[in-house]
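To convert, take the position in the sequence shown, counting from 1, and add 194; that gives the numbering used here.
Glycine is no exception: its CB is placed at the ideal position from the N, C-alpha and C atoms.
Below you'll find the structure, written out as structure tokens, and then a few comments.
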Amino acid sequence: MLDIKLIRSDPESVRAALRRRGSRAEQALDQLLELDRRRRELVSELESKRALRNRVSEEVARLKKAGDDAQALIASMRAVGDEIKELETALREVEEKLERELL
Numbered sequence: 195m196l197d198i199k200l201i202r203s204d205p206e207s208v209r210a211a212l213r214r215r216g217s218r219a220e221q222a223l224d225q226l227l228e229l230d231r232r233r234r235e236l237v238s239e240l241e242s243k244r245a246l247r248n249r250v251s252e253e254v255a256r257l258k259k260a261g262d263d264a265q266a267l268i269a270s271m272r273a274v275g276d277e278i279k280e281l282e283t284a285l286r287e288v289e290e291k292l293e294r295e296l297l
């Protein structure tokens with residue numbers, strides 16, 4: 195299995211080694227790097243959405259404790275929850291592809 199950290203940290207050395215094997219291997223490296231970039235992008239976005247959900251959940255709890263209406267916040271968080279599910283699915287797919295390519 196290839197080490198994505200090595201590929202990410204020194205792609206040119208890996209690329210040079212793969213050139214000796216042929217252009218197909220070099221194309222595979224480009225695909226790996228793109229999958230890794232997409233994975234890291236999805237992780238960042240997912241963490242951001244989860245942090246937002248957590249902040250709003252705390253705000254909802256505070257509002258309810260104060261006896262105020264929190265329905266608008268709850269409704270807006272349903273959409274964020276759906277986005278989180280979509281991001282989790284996309285991340286899972288990218289991670290599966292990345293793992294297959296690294297084998």
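Exercise for the section: Using only alpha-carbon positions, find the residue among E293, L296, E295, E289 that is nearest to L236. Expected result: For the purposes of this step, residue 236 is identified with residue 42 of the sequence shown, where counting begins at 1. Closest option to L236, Cα to Cα, is E289.
Exercise for the section: Tell me, to the nearest whole angstrom, how far the beta carbon of L227 is from that of P205; I am working on the premise that it is less than 8 Å. Expected result: Within the sequence shown, the letter at position 33 stands for residue 227. Within the sequence shown, the letter at position 11 stands for residue 205. With a Cβ gap of about 6 Å, L227 and P205 count as contacting.
Practice task
Label L212 either buried or exposed according to how many other C-beta atoms from any shown protein chain fall within 10 Å of its C-beta, with 16 as the threshold for buried.
Solution key: Here residue 212 refers to the residue found at position 18 when the sequence shown is read from its first residue. So L212 counts as buried.
Practice task
Find out if the Cβ-Cβ distance for the pair V254, A264 is shorter than 8 Å.
Solution key: Walking along the sequence shown from the start, residue 254 turns up at place 60. Walking along the sequence shown from the start, residue 264 turns up at place 70. Remark: C-beta atoms of V254 and A264 approach each other more closely than 8 Å.
Problem - Proximity of K243 and L281 at Cβ, strictly below 8 Å - result: For this step, residue 243 is matched to residue 49 along the sequence shown. For this step, residue 281 is matched to residue 87 along the sequence shown. A contact, by the Cβ cut-off of 8 Å.
Exercise for the section: Report the three-state DSSP secondary structure of L296 (helix, strand or coil). Expected result: For the purposes of this step, residue 296 is identified with residue 102 of the sequence shown, where counting begins at 1. Helix.
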